[in-house]
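Below you'll find the structure, written out as structure tokens, and then a few comments.
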Amino acid sequence: MNPISMDRDEPSSLTSVSTNHPLEQFILLAKGAKGSACAELIKQVLEAPGVHVFGELLEMPNIQELETGQYATHFKTLNLFAYGTYKDYLENKSDYLELTQVQCKKLQHLTIATLATQEKCIPYSVLLKELDIKNVRDLEDLIIEAIYADIIHGKLDQECKRVEVDVALGRDARLEDAAAIADVLADWCNACEAVLSSVDRHIQRANHRKQCAIRHQQAIDQEILYIKKSQKTQGENEESASAGGSESRSAPKKNSSKGKGARGIFWQKTT
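Its first residue numbered 1, the sequence shown is counted upward by one per residue in the UniProt record's numbering.
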């Protein structure tokens, strides 16, 4: 069975999803909110469609105030959606809010995005375990929903029982992850420089071969021109020689009878 491609036909972009634009309205609301209002706002943003990054909201001072106190669970849940996975939620349910079905599905989608950053071909077995799903049909439905939500772009390989990810949503990054991200970017830059150097060498080699080919072709053209001129000159010489020989053979012979007659008259005896 061939892999099932689930790329979107319409011009959507993961980049547009990864921006904070869908979160903007909640940030504006959070500026004037305190305590319970902030807690209720967190519940709304966790369920809002199209909101998959939360870092900017987490950094707001009035949201940071919820880290301790009666709304600490709300803050931890928001932190979970920003950086964590569905497995983290299952292992420490008491630390978080009880999630609705919509919130659970969103966290599962974000978990797929996290797994896609670690491995481009994710086996069904890994997804079933990480997402706590019991059968493949439900898993494939969830993956298809994630694709149509622009969480990932890729295709299902039902024969090999895996999802092949082309592009995945970028999640929020913790400050302590900055060094690791910088290392990854440095490795990527080094790899790009190596590729560019290799391309430059191939270009130089190709240009050298091109110049050699041009010079070789020019030499051939000059040789052909020389041969043509030589053949033309030789042909003209042969034509001249042939024309001279024909004139020599066709010239009339001088009549010597007159001379002989004169000599005969001159020596004739008189009686």
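Backbone N, C-alpha and C define an ideal beta-carbon position, used for all residues, glycine too.
* the ligand MN heavy atom lying under 7 Å from the CB of Lys76 -> With respect to small molecules bound, the structure shown includes none, and the ligand MN cannot be examined in it.
* For His52, is the classification buried or exposed, using 16 other Cβ atoms within 10 angstroms of its Cβ as the cut-off for buried? -> buried
* Curious, which full-length beta strand (DSSP E) runs of at least 3 residues does the segment 58-124 contain? -> 121-123
* What's the gap between the Cα of Val199 and the Cα of Thr114? -> 33 Å
* **Three-state secondary structure (DSSP) of Val136** => helix
* Output yes or no for whether 8 Å exceeds the beta carbon distance between Leu80 and Asp132. => no
* Asked: Short check: CB of Gln101 to CB of Leu46, under 8 Å?
  -> no
* Asked: In this structure, does DSSP put Ala182 in helix, strand or coil?
  -> helix
* What are the residues that DSSP puts in a beta bridge with Ala173? -> According to DSSP, which records beta bridges pairwise, Ala173 is partnered with nothing at all.
* Note down the Cα distance separating Thr68 from Lys31, rounded to an integer number of angstroms. => 19 Å
* Strand pairing of Ile152, partner residues [DSSP] -> Ala168
* **Spatial distance of Asn92 from Leu128 (CA atoms)** => 19 Å
* From Lys232 to Arg209, what distance separates their C-alpha atoms? -> 34 Å
* Any idea what DSSP makes of Val51, helix, strand or coil? -> coil
* Supposed contact pair Tyr71 and Ala33 - C-beta distance, whole angstroms, cut 8 Å -> About 11 Å; that fails the 8 Å criterion.
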